[in-house]
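Working notes for the structure below.
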Amino acid sequence: MELEENTTLSPDQITRHLRRANGVAERAMAMGRHPFGALLVAPDGETVLAEQGNIDTVNHAEATLARTAAANYPGAYLAQCTLVTTFEPCAMCAGTAYWAGIGRVVYGAEETALLALTGNHPENPTLALPCREVFARGQRTVEVVGPVPALEAEMIAPHQGFWQRRGSASAER
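Those letters in the sequence shown? Residues 1 to 173, per UniProt numbering, in order.
Following this line, the structure appears as structure tokens:
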């Protein structure tokens, strides 16, 4: 695997990748899972190496993708890759991306926007710990791009009403 210079994603690439990640989130939701989606983008900024939707409360899209990436690509290559995700990675996902060696994270909407949608939902007990703070504690740099205000409404759309419906379903069980 040839190592390439890590390029900064253009605004067009960020938009395309975030919209694709949101499509992954919508597919996850169609399967009864939480609507989160993530992509691993190669150093060329174009090639999508993997995509992952949320699985469950502890197997988030970003963490699952980062673990799979670490098992399949060398660290020097991942340091040049970008994790693109619909929402700001939680502390668990940020930590997993860090340990996997991924060099850049791009996200569409902030965790605080998610908290406004989910409240204290038992399936998504968000942590008020921005990913930049998690990465700042590390020994290597992880570049963070986000939120992307122009796409925030699109990232939020699959969540509109989702958590309230989940609350109703949980109450019926």
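We put the CB at the ideal spot given by N, CA and C, even for glycine.
query = For Y107, which beta-bridge partners are listed by DSSP?
reply = Translated into positions along the sequence shown, residue 107 becomes position 107. Beta-bridge analysis with DSSP links Y107 to T85.
request  = Note down, one range per segment and in chain order, each beta strand (DSSP E) of at least 3 residues found wholly within the region 133-171.
outcome  = Within the region 133-171, the complete beta strand (DSSP E) runs of at least 3 residues are 143-145.
ask   = Who are the near neighbours of I57 in its chain, counting only those whose CB is closer than 7 angstroms to its CB and skipping five residues on each side?
value = By 1-based counting over the sequence shown, the position of residue 57 is 57. For clarity, residue 57 is Thr in the given sequence; the question names Ile instead. The residues are E123.
key: Residues near H121 in its chain [Cβ-Cβ closer than 8 angstroms; skip 5 each side]   = As a first step, residue 121 must be located in the sequence shown, where it is residue number 121. Cβ contact annotation for H121 (same chain, cutoff 8 angstroms, sequence separation greater than five): W163, R166 and G167, in chain order.
request  = Starting from G53, trace the beta strand (DSSP E) both ways and give me its first and last residue.
outcome  = Along the sequence shown, one-based indexing puts residue 53 at 53. Looking at the DSSP string, the run of the beta strand (DSSP E) that includes G53 is V48 to G53.
request  = Can you grab the Cα-Cα spacing for the pair A113 / A153, in whole Å?
outcome  = To locate residue 113, count along the sequence shown from 1; it is residue 113. To locate residue 153, count along the sequence shown from 1; it is residue 153. Between A113 and A153, the alpha-carbon positions lie close to 10 angstroms from each other.
task = Rounded to whole angstroms, what's the CA-CA distance from A79 to L40? Just pull it up for me.
result = Within the sequence shown, residue 79 is the residue found at index 79, counting from 1. Within the sequence shown, residue 40 is the residue found at index 40, counting from 1. The alpha-carbon atoms of A79 and L40 are separated by roughly 12 angstroms.
request  = Write down every uninterrupted run of the beta strand (DSSP E) in the region 12-67 whose length is 3 residues or greater and which is fully enclosed by it, in chain order.
outcome  = 37-41 and 48-53, all fully within the region 12-67.
R27 to G138 span [Cα, whole Å] = Residue numbering aside, residue 27 sits at position 27 when the sequence shown is read from its first letter. Residue numbering aside, residue 138 sits at position 138 when the sequence shown is read from its first letter. Taking the straight line from one Cα to the other gives about 33 angstroms.
message = Please state the DSSP three-state secondary structure of C131.
response = In the sequence shown, counting from the first residue as 1, residue 131 sits at position 131. Correct three-state label for C131: helix.
ask   = Using the beta-carbon count (16 or more within 10 Å), is L18 buried or exposed?
value = Numbered from its first residue, the sequence shown carries residue 18 at position 18. Counting of Cβ neighbours within 10 angstroms places L18 among the buried residues, the total reaching 16 or more.
ask   = Between A38 and L65, which are expected to be in contact by the criterion C-beta below 8 angstroms, what is the C-beta distance as a whole number of angstroms?
value = Translated into positions along the sequence shown, residue 38 becomes position 38. Translated into positions along the sequence shown, residue 65 becomes position 65. A38 to L65, Cβ: 5 angstroms. Contact.
key: Inter-residue spacing [alpha-carbon to alpha-carbon] between H34 and I156   = Counting from one through the sequence shown, the residue named residue 34 turns up at place 34. Counting from one through the sequence shown, the residue named residue 156 turns up at place 156. One alpha carbon belongs to H34, the other to I156, and they sit about 12 angstroms apart.
inquiry  = Using CA atoms only, rank isn't needed, just tell me which of L127, V48 and V148 is closest to L115.
reply    = Counting from one through the sequence shown, the residue named residue 115 turns up at place 115. The shortest Cα separation from L115 among L127, V48 and V148 belongs to L127.
ask   = Once you ignore the five residues that flank A70 on each side, which residues in its own chain have a CB closer than 6 angstroms to its CB?
value = The sequence position of residue 70 within the sequence shown is 70, counting from 1. The beta carbon of A70 is closer than 6 angstroms to those of A100 in its chain, skipping five residues each way along the sequence.
message = Do V106 and G75 have their beta-carbon atoms positioned less than 7 angstroms apart in this structure?
response = For the purposes of this step, residue 75 is taken as the residue at position 75 of the sequence shown. For the purposes of this step, residue 106 is taken as the residue at position 106 of the sequence shown. No. Outside cutoff.
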